[in-house]
Amino acid sequence: MRVHDLSAGDDVLTRVERAARRAVAAYDLSPSSEVTLINVSENATFRVDDPVSGERAILRVHRLGYHSLAAIRSELDWLTALRDEAGVRTPRVRRSRAGERVVTVDGTGEGEPRRCVMFEFLPGAEPAEEGLVEGFEALGALTARMHVHARSWAAPEGFTRFHWDYEAALGAVARWGRWQEGVGVGGEALAVLGRLDRELRGRLGAWGTGADRYGLIHADLRLANLLVDGSPTPSVIDFDDCGHGWYLYDLAAALSFIEHHPRVPEMIDAWLRGYRTVLDLPAEDEAEIWTFVMFRRLQLVAWIGTHPGAEIAGELGAGYTLGSCELAERYLTGRLPTLGRHR
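In structure tokens form, the structure reads like this:
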């Protein structure tokens with residue numbers, strides 16, 4: 001099991017916090033700025049409060065070995081283009097005093113250098129469970145706008161982001177680890193999820209990666225990466241996983257950790273209504289939605305196993321694997337709800 005470095009214990013997080021404080025010194029903020037850890041997932045995210053100017057910002061300290069410098073810069077290129085060209089509310093990237101978008105902090109004897117990015121602080125909060133169905137309609141329209149932009153955008157020279165195809169997500173060298181090593185995977189769970197894996201591999205292989213189905217996506221549009229503040233559409237944050245993948249994966253990612261919610265069919269139908277106000281989605285694409293939901297769910301079984309330091313991973317644990325088995329049985333036997341009933 002490949003547990004990433006930010007899950008390695010309190011000592012590592014202490015060093016990462018020191019790196020965050022050193023990174024803040026590279027910006028036009030007062031030396032008395034406070035740095036507060038918000039969460040740990042792929043990276044460590046901090047809130048920065050400057051008591052002198054009253055400014056607030058978000059600082060992301062990257063995990064080691066996940067992205068190259070070119071890939072981080074490419075992420076920032078796309079989220080900036082989405083804001084400037086497509087009207088999607090994404091956080092502005094704050095440049096250091098030296099004009100850099102990515103600040104590299106020397107490990108000073110405490111490990112490898114860390115790459116850090118500072119973003120503006122956007123108002124709002126994660127969408128609440130109440131109103132999720134209605135919110136998914138707005139999210140569908142927003143996602144379609146992002147897909148329209150991705151299809152026509154002329155990426156700058158040197159743009160590079162990884163892929164979220166079957167091999168990257170569930171293959172022998174899966175990016176988040178092997179689902180077979182997830183929490184509570186063994187015995188009957190191993191057998192059921194193995195059947196699911198084989199079915200997904202076959203269906204996705206047949207589905208293909210044509211330009212009308214596969215392109216640049218956010219890849220993590222779950223609720224934690226959306227901010228609502230009373231505006232008609234949410235702000236979108238955390239493009240750290242953006243890359244090349246199936247467009248329907250963005251819908252599946254929006255359902256991360258709540259795939260079992262009884263109102264998921266209504267959420268999907270609302271998302272489709274919103275999406276189709278901007279971009280067509282053929283009926284054959286709609287018919288594969290549950291395939292992508294299960295594809296993401298199996299990937300998250302692996303993620304939970306390799307990210308024990310993430311709060312939600314600790315909360316879900318083996319229960320998420322058990323729920324995945326139940327959903328897998330329903331998917332494999334054609335017993336998941338029919339979509340299109342709530343339009």
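Everything in the sequence shown is counted per full-length UniProt numbering, starting at 1 for the first residue and increasing by one. All residues carry an ideal CB built from backbone N, CA and C; glycine is no exception. The model shown is predicted, which means the values in this text are computed figures rather than measured ones.
- Remark: C-beta atoms of Phe119 and Val93 approach each other more closely than 8 angstroms.
- DSSP places Leu339 in the coil class of the three-state scheme, outside both helix and strand.
- Among the bridge pairs identified by DSSP, Leu196 is matched with none.
- Within 10 angstroms of the beta-carbon of Pro156 lie fewer than 16 other beta-carbons, which makes it exposed.
- Along the length of the region 81 to 145, whole beta strand (DSSP E) runs at least 3 residues long occupy 103 to 105, 114 to 120, reported in chain order.
- Only residues of its own chain outside the window of five on either side were considered, and among them Thr233 have a CB closer than 6 angstroms to the CB of Leu142, listed in chain order.
- Annotated as distal: Gly186 and Ala302, with beta-carbon spacing of 8 angstroms or more.
- Here Leu122 is near Leu227, since their CB atoms are less than 8 angstroms apart.
- Per DSSP, the beta-bridge partners of Leu37 are Phe46.
- Pairing Val173 with Gly208, the inter-Cα distance amounts to about 20 angstroms.
- For a cut-off of 8 angstroms, the C-beta gap from His244 to Trp164 is around 7 angstroms, short enough to register as a contact.
- Trp246 is positioned such that its CB atom lies closer than 8 angstroms to that of Tyr214.
- For Gly186, there is no enclosing beta strand (DSSP E), as DSSP marks it with neither H nor E.
- Remark: C-beta atoms of Val133 and Cys116 do not approach each other more closely than 8 angstroms.
- Per DSSP, Ala174 lies in no alpha helix (DSSP H) segment and is marked neither H nor E.
- The count of Cβ pairs closer than 8 angstroms, one atom from the region 289 to 306 and one from the region 251 to 259, reaches three, so the stretches are in contact.
- In the DSSP assignment, Tyr214 falls within the unbroken beta strand (DSSP E) covering 214 to 217.
- Going by DSSP, Arg297 is part of the alpha helix (DSSP H) stretching over 289 to 306.
- In the assembly as shown, Ala19 is a buried residue. Its beta-carbon has 16 or more other beta-carbons within 10 Å.
- Going by DSSP, Arg60 is part of the beta strand (DSSP E) stretching over 56 to 61.
- The beta carbon of Arg145 is closer than 7 angstroms to those of Ala86, Val88, Val278 in its chain, skipping five residues each way along the sequence.
- Excluding the 5 residues flanking it on each side, Asp229 has same chain C-beta neighbours closer than 7 angstroms at Pro123, Gly124, in chain order.
- For Gly131 and Pro337, the gap between their C-alpha atoms comes out near 21 angstroms.
- When the Cα atoms are used, Ala25 and Arg201 turn out to be separated by approximately 48 angstroms.
- Counted as a single uninterrupted DSSP element, the beta strand (DSSP E) harbouring Trp246 occupies residues 243 to 246.
- For Gly314, the uninterrupted alpha helix (DSSP H) segment begins and ends at 311 to 332.
- From the listed residues Ile58, Cys242, Leu327, the smallest Cα separation to Ala189 is found for Leu327.
- Rounded to whole angstroms, the Cβ separation of Ala252 and Thr160 is 24 angstroms, and the two are not in contact under 8 angstroms.
- Residue pairing by DSSP places His163 opposite His244 in a beta bridge.
- In this structure, DSSP gives Val148 a helical state, which the three-state scheme calls helix.
- Distance from Val35 to Val48 at the Cβ level is roughly 6 angstroms; contact confirmed, criterion being Cβ atoms closer than 8 angstroms.
- Relative to the Cα of Glu286, the nearest Cα in the group Glu167, Glu266, Val148, Leu339 belongs to Leu339.
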